[in-house]
DNA sequence: CGGCGTCGGTGTATCGTTTTACCACTCGAA
DNA sequence: TTCGAGTGGTAAAACGATACACCGACGCCG
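Protein chains in written order, with our numbering: chain A, 1 to 347; chain B, 1001 to 1347.
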C-alpha cells in the first residue's frame, strides 16, 4: 500500500541503509551526489517513513503527551492549541490527556504514555504531590511541568510558570490603590501549587500595606475535586457567602478567570454591581475576560510564550537543562470589573 | 526493558501465538485453563502489548484523530473532553488536530493521520467542500463528520449533528412569542454547513410568522477565516453595526454562543441592556452561557450524547452503517438574555 | 478399519525501519 | 612493501506482535 524504504532504495539504486542514513541526516556517510539521488527518489515516490516501524526499532516516537486538568476549561483549551501549534513545527503530534485532577488517572496516563513510547510529557497538573512523577523521571521520561514553581523534587523537575506570587501582588496592589481595604481571596478546594503561591502573593501585598489578611475573607473550597468544570459555580457560591456575611469585602481576588466569572455572577445574584459596588480581579486573562460584563480586570499569563518555551524545552535535548526552570512575568490588565471604593461604603 | 509477549509465553508455558490469541479474544482456540494461565502470567509480569509492534504488523492503531477548528473555543474544548473520555473506555487515544478552519491544514492532517495508520477520524470541520474527505474515505479511512447534515457525498459520509434548522426555529419562535418582530441573524464569515442550516431555520420561522427576512438584518461575516478565535469579536462588531443603523432589530439570533457573547458585549457598547432593550439568543449552550451577564438564552446541543454516538460509531464496525447519519434534538434553554419586546419600542 | 473433522495449539514468516558490523578499495606514511 | 586509517557504502540482525499454515491426537461415522 504505502511506499517503503526499500522501494526508495531500489529507485535510487542504493541500499535501504543508505536511505535511512539520508533520512537521519548522516551526511558524512555518503557522497553528496548519492544523497541527492536518494532525496529525489523520496520526493518522486512521495515516501513517508513508517512511524510504527521506526518506533519499534528505536523505541522513540514523535509524540508528546499533554496532560491537562480539563481541556473544557478555556484556559487549558487555549494552552493546548498553542502547544499543538508549536509542536507541529517540529513534526510532533500531541496526545490529549484530561486528568480531571484525578491523581490515579494522571498516573495511569503517564504509565500508558510511557508504555506507548511517548517520552516527552507536558504535565499541567496542580496536584501537590510529585512522587508519582519522580518515578517516571527516573525511568527516563522527559517531563516539563507547568505551574509548579519551587517543586524541584529528585530528580529535579523542570518547570515553566508565571510568577504567581507577583501576579497576585499586582492584582492586590491594584485594588489597594483603588482604595479598597477589605479584600477577599477566592479559590477552589484543590490545594494546587499555584493557588498557594497566589494566596501568598495576596497576603504579602496586604501585609506590606499594613492590613491584616482576615481568615474569614479567604475562601478556598466548596465543591469536590472537579475544580474545573464548576470552578465558576464555586466562585459564584463563594461570592454569595462572602457578601451575605456581616462584614463583607469590597473587593475580591479570584484565583483564576473562571472563578472570577463565577464571582461576578454571584455578586449580581445578591443585587450588587461588579465594578461599582464590588471590584473583582481574575487571573490568566483568557479570551473571554474581555467579553464578559463587565470586562474582567485580570493578570495576564503570556500563554503563547509559555507554550513555546515549554515545547522547545521538551523537544530540545531534554537532558542538557534538567532542573532548569523558567519564571515568566505576569502583567496586570485593567478593565471594567474593578473601580474605586464606592463612596457609600456598605456595612 | 519492557516485558514482551515472549516472556509472558515462557512464564505461562505456551507459545507467543497463544498469548496473542488470548490478547485478541480468540477464546475458542484454547482451553479455558490455558487462558487463565496466560492471563495470570500477564498480570504477574505487568505485561502491556507494544503498540508499535502491533501496529506495524496489523497496520491498525488504537488511536483516533480529532480534527476541530480550534480547541481554544470552549465549545470544541468541551466536545474534545467528552470525546477523549468516551474513547478512553475503548482504550483509544485521541490525537488532537486544530485545523483552524484552514482547508490545506485539514487535508494535511488527514494525510498525516492516514500515513501514521490512524484509521478513524472524527472530523469537525464546517468547510463546505468535502471533496478532500472523499479521497480518504475511498482509501478506507473511517470518518465521521460532526455538523454536516445533508452532505452525503460519494462514498457517503456518516454524520452526527443536531437538527440545526429546528434549533434555529426554536430560538426564533421564542423571540417571536416574546413579541419581537424585527429579528436579526448574526454569524461568521465562513460558509459553514451549520450556519446555512441555522440561517434556514431562522428564515423559515420568520416566514411561518408571515414576516419578511430582511437582508439587512442578516449579518454574516466580518473578519477573516479565523472564525473561532475572534468569533466573539465579530459578533460584537456586527451588533454595533446593526444597532447603529436606521432600523435596528429588537432581537438577535446568533449562530453560536461565542457570537452571542460578543453580540451582548456589542449591545452594551452602544449603551443598551441585553434582555431588556435587546434580546439575544445563542446556540450550543456552552458552560459559560449560564455565567455571563445576563445569562444566555440558547439552544442546547446534547454534547455528551453526541460525543458518545460519534465515538461509538467510529470504533464500532465502521463498515456496517456507512452513510448512516444521526440527527439529535436540540433544546431551547431560556435564561435572562431574552425578554418581552420593550414597552417603549425604539425606532 | 480407514478417512475426516475438530480441538488445542505451535512454528515461522512478516511488517518497515534502524543499527552494527563489516566490506573493498585507496592513499599516505613508515 | 606493508600497515593503518579513511571513504562510501552494504548485509543482516534486530525490534515485538500477528496470522497463516500446519501438526498430532482424538472421536466419530460409514
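The beta-carbon is built from N, C-alpha and C at its ideal position, and this holds for glycine as well.
C-beta contact flag for residue i and residue j at 9 Å
i                       : j                       : result
residue 288 of chain A  : residue 1042 of chain B : no
residue 257 of chain A  : residue 296 of chain A  : yes
residue 1275 of chain B : residue 1249 of chain B : no
residue 1117 of chain B : residue 52 of chain A   : yes
residue 1215 of chain B : residue 1235 of chain B : no
residue 350 of chain A  : residue 246 of chain A  : One cannot answer for residue 350 of chain A here, as it falls past the ends of chain A, which runs 1 to 347.
residue 187 of chain A  : residue 199 of chain A  : yes
residue 1067 of chain B : residue 1106 of chain B : yes
residue 232 of chain A  : residue 1291 of chain B : yes
residue 1279 of chain B : residue 1206 of chain B : no
residue 164 of chain A  : residue 1056 of chain B : no
residue 1130 of chain B : residue 1310 of chain B : no
residue 1162 of chain B : residue 1301 of chain B : yes
residue 1195 of chain B : residue 1169 of chain B : no
residue 80 of chain A   : residue 1096 of chain B : yes
residue 1035 of chain B : residue 1069 of chain B : no
residue 210 of chain A  : residue 166 of chain A  : no
residue 1350 of chain B : residue 1193 of chain B : Since the first residue of chain B shown is 1001 and the last is 1347, residue 1350 of chain B is not available in this structure.
residue 149 of chain A  : residue 197 of chain A  : yes
residue 1003 of chain B : residue 1048 of chain B : yes
residue 1114 of chain B : residue 1139 of chain B : yes
residue 1013 of chain B : residue 1037 of chain B : yes
For residue i, the residue or residues it bridges with in DSSP
i                       : result
residue 262 of chain A  : BP columns for residue 262 of chain A are empty, so no partner.
residue 1300 of chain B : B:1284 and B:1331
residue 1098 of chain B : B:1068
residue 1160 of chain B : B:1146 and B:1326
residue 253 of chain A  : A:185 and A:281
residue 1038 of chain B : DSSP lists no partner for residue 1038 of chain B.
residue 121 of chain A  : A:65 and A:143
residue 1218 of chain B : B:1185
residue 93 of chain A   : A:63
Sequence-distant residues of the same chain with beta carbon closer than 8 Å to residue i, five excluded per side
i                       : result
residue 1244 of chain B : 1270
residue 1312 of chain B : 1086
residue 1077 of chain B : 1071
residue 1044 of chain B : 1011
residue 1154 of chain B : 1134
residue 339 of chain A  : 178, 275, 276 and 279
Cutoff 6 Å; reference residue i; Cβ partners in own chain excluding five residues on either side
i                       : result
residue 224 of chain A  : Because the pLDDT at residue 224 of chain A is just 46, under 50, the model does not fix this residue reliably, and the value given afterwards should be weighed accordingly. Taken in chain order, the list of residues that qualify is empty.
residue 1335 of chain B : 1295, 1296 and 1297
residue 171 of chain A  : 253, 281 and 299
residue 1103 of chain B : 1127
residue 267 of chain A  : 239, 274 and 278
residue 75 of chain A   : 284 and 286
residue 110 of chain A  : 136
residue 220 of chain A  : 187
residue 1272 of chain B : 1278
residue 347 of chain A  : Summary for residue 347 of chain A: the model assigns pLDDT 42, below 50, so the residue's position carries little reliability, and this model does not support an answer.
residue 108 of chain A  : none
Close-in-space but distant-in-sequence residues of the same chain around residue i (CB under 7 Å, 5 per side omitted)
i                       : result
residue 1315 of chain B : 1090, 1092 and 1120
residue 60 of chain A   : 117 and 119
residue 16 of chain A   : 5, 6 and 9
residue 39 of chain A   : 22
residue 341 of chain A  : 178, 179, 180 and 250
residue 1305 of chain B : 1328
residue 1307 of chain B : 1079, 1082, 1083 and 1086
residue 1330 of chain B : 1162, 1163, 1166, 1167, 1170, 1299, 1300 and 1301
residue 1046 of chain B : 1003
Do the region 1016-1026 of chain B and the region 322-337 of chain A touch if we need at least three Cβ pairs shorter than 8 Å? Contact fails between the region 1016-1026 of chain B and the region 322-337 of chain A, because fewer than three Cβ pairs, one in each stretch, are under 8 Å apart.
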